[in-house]
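By UniProt numbering, the letter at position 343 of the sequence shown is numbered 343, and the numbering carries on one by one without gaps.
Cβ atoms here follow ideal geometry from the backbone N, Cα and C, with glycine treated the same way.
Source: prediction; values computed, not measured.
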Amino acid sequence: MNSLAERLVSVIPSPRQLKWHELKYYAFIHFGMNTFYNSEWGTGKEDPQRFNPTELDTDQWCHTLKEAGMKAVILTCKHHDGFCLWPSKYTEHSVKNSPYKDGNGDIVGEMAASCKKYGLKFGVYLSPWDMHEPCYGDSPKYNEYFVKQLTELLTQYGEIFSVWFDGACGEGPNGKKQEYDWELYHQVIREHQPDAVAAICGEDVRWCGNEAGHCRKAEWNVVPRRLSKQETIAENSQQEDNTEFRERPITPMDQDLGSREVLKDEKDLIWYPAEVDTSIRPGWFYHESENDHVKPLEKLIEIFYNSVGGNASLLLNIPVDTRGLIHEADVQRLKELSSYLKKTFKECITEKAHITSLHAQAEYPVQHVTTRNEDYYKAPDGTEADTICFAFDDVYEINHIVLEEALALSQRIEKFEILAETEEGEKVIYEGTVVGSAKICKFEAVKTSKICIRVLESRVSPTLRFVGIYTVQ
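Pasting the structure below:
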């Protein structure tokens with residue numbers, strides 16, 4: 001490679017990562033023994049007879065998520081207490097020894113069927129830490145046990161889009177710390193679900209670094225490979241249940257993971273995009289006392305803009321209550337968020353514009369940015385700055401612009417600004433850094449007949465696959 005920039009753009013996503021990038025917004029469902037013990041972390045000593053949802057309806061879950069505009073869902077199939085929501089052959093600590101459907105239930109199976117019915121992709125959360133299993137801490141034996149359960153989930157429930165490995169790692173009953181065989185776990189995923197991403201303690205999707213919904217000002221997908229070391233991820237993950245951890249922001253030292261300055265001396269780089277996981281309530285599991293503490297609409301909008309609109313995906317947790325339903329308060333807030341997003345992004349006027357670029361090339365015409373598909377605009381290599389203009393025959397009042405890069409060619413844009421032609425002349429209405437999978441640019445409403453996106457700095461050359469210009473609603 002002739003330059004640092006060329007080396008950085010040579011790092012690109014895998015096909016499964018590209019598919020994952022398209023999802024952007026999806027749900028976490030925390031449901032299990034903790035739901036019935038009113039706790040966040042169990043002990044592994046819970047009585048399966050307490051697990052008794054009398055109105056459980058996975059169709060209600062999936063209908064709610066679909067109406068909310070989500071495209072996928074990840075279910076906590078086994079949390080740290082070791083209780084399984086499917087009748088695993090390898091433990092008695094599961095739904096088969098609960099009153100639910102007289103021990104004949106399989107909530108993972110029901111959820112997979114409902115996802116198929118409502119057109120949602122299905123993912124599984126499987127906690128490596130298991131406080132119930134006696135062999136936990138006997139590393140070879142537990143790894144064999146864990147792989148058997150992982151294989152059940154990957155072979156019995158259809159297509160899986162994500163396998164979510166939590167970073168928590170506690171002590172086993174025998175006082176030994178479990179040494180997880182991550183390489184083996186990933187081999188099993190690749191064997192049975194080659195299109196599934198391995199998340200958090202995985203090789204495909206990176207934990208954003210907090211559970212409060214805080215995001216970086218400039219989130220990069222190309223980062224040092226050392227950030228994917230499972231041991232490091234586990235050390236930085238939650239090691240005990242406490243409210244302070246769930247509200248902790250990203251530390252200043254972790255703000256910049258992928259700028260040229262940070263990466264210039266790194267020898268080994270990977271495509272490792274961020275996922276922002278946070279809960280719609282203070283806790284991850286359902287607690288009746290939190291029914292009046294669902295996050296305000298304004299907070300959810302802020303999180304959505306900073307994550308989905310900041311080159312990350314949003315994994316929003318929605319707990320299921322003791323009935324086996326998503327509570328009415330959560331359903332209502334999700335409807336409010338969906339209504340806001342539908343209204344805000346209702347009218348895109350990009351296709352009405354006469355579009356030009358300073359460095360046009362016939363092979364990648366700038367007109368490709370009007371629709372979301374595999375086509376894209378790309379400036380010639382070596383052109384690190386560029387200007388794309390959208391001229392309209394009429395004056396429009398706008399307050400949102402959405403930018404998306406062609407990630408198949410890596411992440412390139414480092415700094416940009418947006419200008420609008422107004423009655424007072426041309427003025428800057430937005431200044432930004434990275435774009436990535438999506439950048440939602442919100443600004444004070446302006447009446448204009450011409451918008452220009454000026455890329456000030458990029459790696460080798462900028463790309464854009466979509467530009468959405470939205471009118472005030």
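With fewer than 16 other Cβ atoms inside 10 Å of its own Cβ, L184 counts as exposed. The DSSP-derived three-state label of S228 is helix. Using a Cβ distance threshold of 8 angstroms, G309 and I398 do not count as a contacting pair. Secondary structure of D106 (DSSP, three-state): coil. Fewer than three Cβ pairs drawn from the segment 17-26 and the segment 49-59 lie within less than 8 angstroms of each other, which leaves the two stretches out of contact. Assigned with DSSP and collapsed to three states, I349 falls in coil, not helix or strand.
Taking 8 angstroms as the cut-off, the beta carbon of V124 is found no closer than this to the beta carbon of T151. The criterion of a C-beta distance shorter than 8 angstroms is not satisfied by D102 and N34.
Residue environment for V366: buried (at least 16 other C-beta atoms within 10 angstroms of its C-beta). In the assembly as shown, V205 is a buried residue. Its beta-carbon has 16 or more other beta-carbons within 10 Å. A168 and S139 have their C-alpha atoms some 16 angstroms from each other.
With contacts defined by Cβ atoms closer than 8 angstroms, S98 and F165 do not form a contacting pair. E347 places its beta carbon less than 8 angstroms from that of Q473. Y470 and T356 have their C-alpha atoms some 19 angstroms from each other. A contact is defined here as three or more CB-CB pairs under 8 angstroms, and the segment 330-344 fails this definition with respect to the segment 451-462. A408 and T91 have their C-alpha atoms roughly 43 angstroms apart. Only residues of its own chain outside the window of five on either side were considered, and among them I74, L315 and N317 have a CB closer than 6 angstroms to the CB of F28, listed in chain order. Given a length threshold of 4 residues, each whole run of the alpha helix (DSSP H) inside the segment 276-311 is given here in chain order: 297-307. Excluding residues up to 5 positions away in sequence, T356 and C452 lie with their Cβ nearer than 6 angstroms to the Cβ of C389 in the same chain. Around the beta carbon of A199, a 10 Å sphere encloses 16 or more other beta carbons of the protein chains shown; the residue is thus reported as buried. In this structure, Y396 lies away from T463, with their beta-carbon atoms at least 8 angstroms apart. When rounded, the separation of the alpha-carbon atoms in I401 and K141 is 53 angstroms. Straight-line spacing of the CA atoms in Y340 and T54 works out to 33 angstroms. For V262, there is no enclosing beta strand (DSSP E); the enclosing alpha helix (DSSP H) has its first and last residue at R260 to L263. Burial check for T76: the Cβ neighbour count within 10 Å reaches 16 or more, so the residue is buried. Straight-line spacing of the CA atoms in Q149 and G202 works out to 17 angstroms. Counting along the chain, no beta strand (DSSP E) covers D330; the unbroken alpha helix (DSSP H) around it starts and ends at E328 to T344.
Put simply, the backbone Cα of S88 is about 41 angstroms away from that of Q255. DSSP places T422 in the strand class (E or B) of the three-state scheme. Proximity to T155 across E179, L4 and R190 peaks at R190, based on C-alpha coordinates. Apart from the 5 residues on each side of it in sequence, Q361 sits with its Cβ closer than 8 angstroms to the Cβ of K378, A379 and P380 in its chain, given in chain order.
Counted as a single uninterrupted DSSP element, the beta strand (DSSP E) harbouring C452 occupies residues K439 to S458. Nearest C-alpha to A196 among L153, E211, S228 and G283: L153. The alpha-carbon of E110 is positioned some 10 angstroms away from that of W86. Bounds of the beta strand (DSSP E) holding E404 are D386 to E404. Nearest C-alpha to A353 among G44, T344 and S449: S449.
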